[in-house]
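For the record, the sequence lines run as chains A and B.
For the first sequence, my numbering gives the first residue as 2, with consecutive numbering after it.
For the second sequence, my numbering gives the first residue as 2, with consecutive numbering after it.
Glycine residues also receive a C-beta, built at the ideal position from the N, C-alpha and C atoms.
Since we're looking at a predicted model, the values are computed, not measured.
2 protein chains.
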Amino acid sequence: MPETNPPSSVQPRSDPPFCGAVDWGTTRFRLWLLDRGGGVLAEARGPEGMTRAAETGFEAVLRGRLAEVGAPAGLPILICGMAGARQGWVEAPYVAVPAGLTGLADRAARVDTALGDVRILPGLCRADRAAPDVMRGEETQLLGLDPAAGAALLCMPGTHCKWVETEDGTVLRFRTAMTGELFDVLGRHSVLRHALAPDAAGPDADDPAFRAAAARALADPDPLGALFALRAARLLGFAEPATGAAELSGLLIGAEVAAARRRHPGHDRVTLVASGPIAGLYDAVLRAAGFTVIPVDAEAATRRGLFAAARHLWP
Amino acid sequence: MPETNPPSSVQPRSDPPFCGAVDWGTTRFRLWLLDRGGGVLAEARGPEGMTRAAETGFEAVLRGRLAEVGAPAGLPILICGMAGARQGWVEAPYVAVPAGLTGLADRAARVDTALGDVRILPGLCRADRAAPDVMRGEETQLLGLDPAAGAALLCMPGTHCKWVETEDGTVLRFRTAMTGELFDVLGRHSVLRHALAPDAAGPDADDPAFRAAAARALADPDPLGALFALRAARLLGFAEPATGAAELSGLLIGAEVAAARRRHPGHDRVTLVASGPIAGLYDAVLRAAGFTVIPVDAEAATRRGLFAAARHLWP
Numbered sequence: 002m003p004e005t006n007p008p009s010s011v012q013p014r015s016d017p018p019f020c021g022a023v024d025w026g027t028t029r030f031r032l033w034l035l036d037r038g039g040g041v042l043a044e045a046r047g048p049e050g051m052t053r054a055a056e057t058g059f060e061a062v063l064r065g066r067l068a069e070v071g072a073p074a075g076l077p078i079l080i081c082g083m084a085g086a087r088q089g090w091v092e093a094p095y096v097a098v099p100a101g102l103t104g105l106a107d108r109a110a111r112v113d114t115a116l117g118d119v120r121i122l123p124g125l126c127r128a129d130r131a132a133p134d135v136m137r138g139e140e141t142q143l144l145g146l147d148p149a150a151g152a153a154l155l156c157m158p159g160t161h162c163k164w165v166e167t168e169d170g171t172v173l174r175f176r177t178a179m180t181g182e183l184f185d186v187l188g189r190h191s192v193l194r195h196a197l198a199p200d201a202a203g204p205d206a207d208d209p210a211f212r213a214a215a216a217r218a219l220a221d222p223d224p225l226g227a228l229f230a231l232r233a234a235r236l237l238g239f240a241e242p243a244t245g246a247a248e249l250s251g252l253l254i255g256a257e258v259a260a261a262r263r264r265h266p267g268h269d270r271v272t273l274v275a276s277g278p279i280a281g282l283y284d285a286v287l288r289a290a291g292f293t294v295i296p297v298d299a300e301a302a303t304r305r306g307l308f309a310a311a312r313h314l315w316p
Numbered sequence: 002m003p004e005t006n007p008p009s010s011v012q013p014r015s016d017p018p019f020c021g022a023v024d025w026g027t028t029r030f031r032l033w034l035l036d037r038g039g040g041v042l043a044e045a046r047g048p049e050g051m052t053r054a055a056e057t058g059f060e061a062v063l064r065g066r067l068a069e070v071g072a073p074a075g076l077p078i079l080i081c082g083m084a085g086a087r088q089g090w091v092e093a094p095y096v097a098v099p100a101g102l103t104g105l106a107d108r109a110a111r112v113d114t115a116l117g118d119v120r121i122l123p124g125l126c127r128a129d130r131a132a133p134d135v136m137r138g139e140e141t142q143l144l145g146l147d148p149a150a151g152a153a154l155l156c157m158p159g160t161h162c163k164w165v166e167t168e169d170g171t172v173l174r175f176r177t178a179m180t181g182e183l184f185d186v187l188g189r190h191s192v193l194r195h196a197l198a199p200d201a202a203g204p205d206a207d208d209p210a211f212r213a214a215a216a217r218a219l220a221d222p223d224p225l226g227a228l229f230a231l232r233a234a235r236l237l238g239f240a241e242p243a244t245g246a247a248e249l250s251g252l253l254i255g256a257e258v259a260a261a262r263r264r265h266p267g268h269d270r271v272t273l274v275a276s277g278p279i280a281g282l283y284d285a286v287l288r289a290a291g292f293t294v295i296p297v298d299a300e301a302a303t304r305r306g307l308f309a310a311a312r313h314l315w316p
């Protein structure tokens, strides 16, 4: 039986299960057993994301997790995320934007498996040679939001942060910022690693060093050109490694938000789709940049998006 | 005896040696035996830069290389570069800008060694808390240039590219762009590694993919925000990994030059201090950005700078 981290939960049931909803990312697996109202009957999560499942077998992972939550045989299963990538279980080809969100479920890829009706939602692509882009997983979060009337701008942070423009339930365009990955590779592999305390906790939105670095980046026409200053400040005794991670995070998120503000002059409101500490970091910088922030929990949005797509497929 | 790569050369001598001039970088060691006119009597180079010499001993490395080129005992030796860093042989503390170049030799650190009169030139720092910066080695190249009358802007590429403003032989300000290191860490450690052919040769200034990416970056108000497009273009079949390295290089150098152009609106000429393939890459992008380029060979500038400082110390 697969290990569980954090522990699965099985609630006392009132309604029969309607479907299994799976968020299958690169490094994480999450399964919800949902009733016909979208309520959570049971939940399981673990570290067997695409990378691990590609070695141990996708079907075996799913079978084990379904048994763990007591899913009845043949329950319809809807999956989103990297399980639908080319290197995943079954490829669910990208749907090109502009794309309506409610129709995405019709483009789900069917998996040939003894487990029954198992489908994987497609990602979205921007098939624009001047600005090519892809997403996989965020489209399901978008489907789980209350559709904004008119035009909306969404910020969906993570390893790769997606900036998405929607209008009346249609995704018009999006762009990916590699901010989270830049923080990781610069902090671990570049000369800036010497500017960061090796055992520091993750940046905190209330840290004055984070806020000051973000404010500088928002005001700097070339914030990423100031990266080396993090190292130089420590060589010259102006700053300590203890504040390095907060400064690097503030600089990078500030640079990203400053560019987004310039790119979207018509938007003064941003829907921030995020969970955990990163939500606080982006919230602080978006507000510092003058945006009004509408916060949405990313995990809840994924679950609601999977439920909406499942109701569309199995009315 | 230390290995030599490429082989040392010992020329037939006419004049007696005047001094030994050493460029001691992080990963490379170079020694020239110079006559009183600055002519090269002999030369040695090898991989025992600061990193290796810190383990095997700086004095042993220098002693071996001096013997190899047949330097007479007690010959004065002048060193520039990372041997003067805190983790080097003897620290030669940074001199703060604005700083006159000809006086730098007077701030050289003396090394207590049986080899005789051995000194290490200091680096420069910008002790500005809003834009702290440091250099070590480039100040010697600046000393080796014909001093420009009036104001000059210099671009000195490498792992860390220095943009330097001088006026009548004084360094006013400088700023470091981490472009070379960004190319390295993104290409090896980020998701962009999948966009680069693993065995590709280094980028070439004549490569259309390099030039196109640089042109796009020069025209893009947020070129570093377009990094993920390199990956997406390959997922969508718009481009091949074979051109990935050229595109990443063009994007990063283009972003750097675009920012420099905005930061220095009063300069239409740039002195480009560089050797090897990187000289061609920066030359192409600087010209594409509308700059007039004055090329200077970086290695020759280092040698001339060491000679100028040696003549100042030992007239």
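Check, Outcome
"Partners in chain A for B:Leu228, counting only beta-carbon separations shorter than 7 Å", "Met179"
"Where the beta strand (DSSP E) through A:Gly47 begins and ends", "Val41 to Gly47"
"Neighbour flag for B:Phe239 against chain A, beta carbons, 8 Å", "yes"
"For A:Leu231, the three-state DSSP class (helix, strand or coil)", "helix"
"First and last residue of the uninterrupted alpha helix (DSSP H) at B:Leu76", "Premise fails: B:Leu76 is in no alpha helix (DSSP H) and is neither H nor E."
"Candidates A:Asp207, A:Ala234 and A:Asp208, of which the one nearest A:Leu193 by Cα", "A:Ala234"
"Closest residue to A:Gly71 among A:Gly291, A:Leu42, A:Gly85 and A:Ala310 (Cα-Cα distance)", "A:Leu42"
"Below-8 Å beta-carbon distance, B:Cys20 vs any chain A residue", "no"
"Neighbouring residues, chain B, relative to A:Leu173 (Cβ below 7 Å)", "Simply none; closest approach about 17 Å."
"Nearest to A:Gly276 (by Cα), restricted to the options A:Pro224, A:Ala311, A:Cys162 and A:Ser250", "Checking the displayed sequence, the identity of residue 276 of chain A turns out to be Ser instead of Gly. The option with the nearest alpha carbon to A:Ser276 is A:Cys162."
"Any chain C beta carbon closer than 8 Å to B:Ala109", "Absent from the structure is chain C; the protein chains it does hold are A and B."
"Nearest-angstrom beta carbon gap, B:Gly85 and B:Ala93 [assumed within contact, 8 Å]", "3 Å"
"Spatial neighbours of A:Gly26 in its chain, beta-carbon cut-off 8 Å, leaving aside the 5 residues before and after", "Gly50, Met51, Gly82, Met83 and Gly138"
"Cβ-based neighbour list, B:Tyr283, same chain, cut-off 7 Å, excluding 5 preceding and 5 following", "Cys156, Pro158, Ile254, Leu273 and Ala275"
"7 Å CB neighbourhood of A:Ala309 in its chain, flanking five on each side removed", "Leu144 and Gly145"
"Contact set for B:Ile295: own chain, Cβ-Cβ below 8 Å, skip 5 residues either direction", "Arg270, Val271, Thr272 and Leu273"
"A:Pro224 classed as buried or exposed, judged by whether at least 16 other C-beta atoms fall within 10 angstroms", "buried"
"Contact with chain B by A:Gly135, beta-carbon distance below 8 Å", "It should be pointed out that residue 135 of chain A corresponds to Val in this sequence rather than to Gly. A:Val135 counts as touching chain B."
"Residues bridged to B:Thr167 [DSSP beta-bridge criterion]", "B:Ala153 and B:Val172"
"A:Leu197 Cβ short of 7 Å to the ligand ATP heavy atom set", "Absent from the structure shown: the ligand ATP. Ligands present: none."
"Helix, strand or coil at A:Met136 according to DSSP, with G and I counted as helix", "strand"
"Min CB distance B:Glu182 to chain A below 8 Å", "yes"
"Neighbour flag for B:Asp113 against chain A, beta carbons, 8 Å", "no"
"B:Gln142 classed as buried or exposed, judged by whether at least 16 other C-beta atoms fall within 10 angstroms", "buried"
"8 Å Cβ cutoff met for B:Tyr95 and B:Gly65", "no"
"Proximal residues of chain A, C-beta to C-beta of B:Val192 below 7 Å", "Glu182"
"CB contact check: B:Leu287 to chain A, cutoff 8 Å", "no"
"Same chain, Cβ closer than 6 Å to A:Gly251, neighbours up to 5 away in sequence not counted", "Phe211, Ala214 and Ala215"
"For A:Thr180 and A:Thr160, the rounded distance between their alpha carbons", "7 Å"
"B:Gly306 classed as buried or exposed, judged by whether at least 16 other C-beta atoms fall within 10 angstroms", "buried"
"Rounded C-alpha distance that separates B:Pro204 from B:His265", "27 Å"
"Chain A contact residues for B:Ala128, given Cβ-Cβ distances below 9 Å", "Leu237 and Phe239"
"CB-CB length for A:Leu122 against A:Ala109, believed under 8 Å", "5 Å"
"Exposure label - A:Arg127; buried when at least 16 CB within 10 Å", "buried"
"Counterpart residues of B:Ile254 in DSSP-defined beta bridges", "None, per the DSSP bridge assignment."
"As assigned by DSSP and simplified to three states, the class of A:Arg312", "helix"
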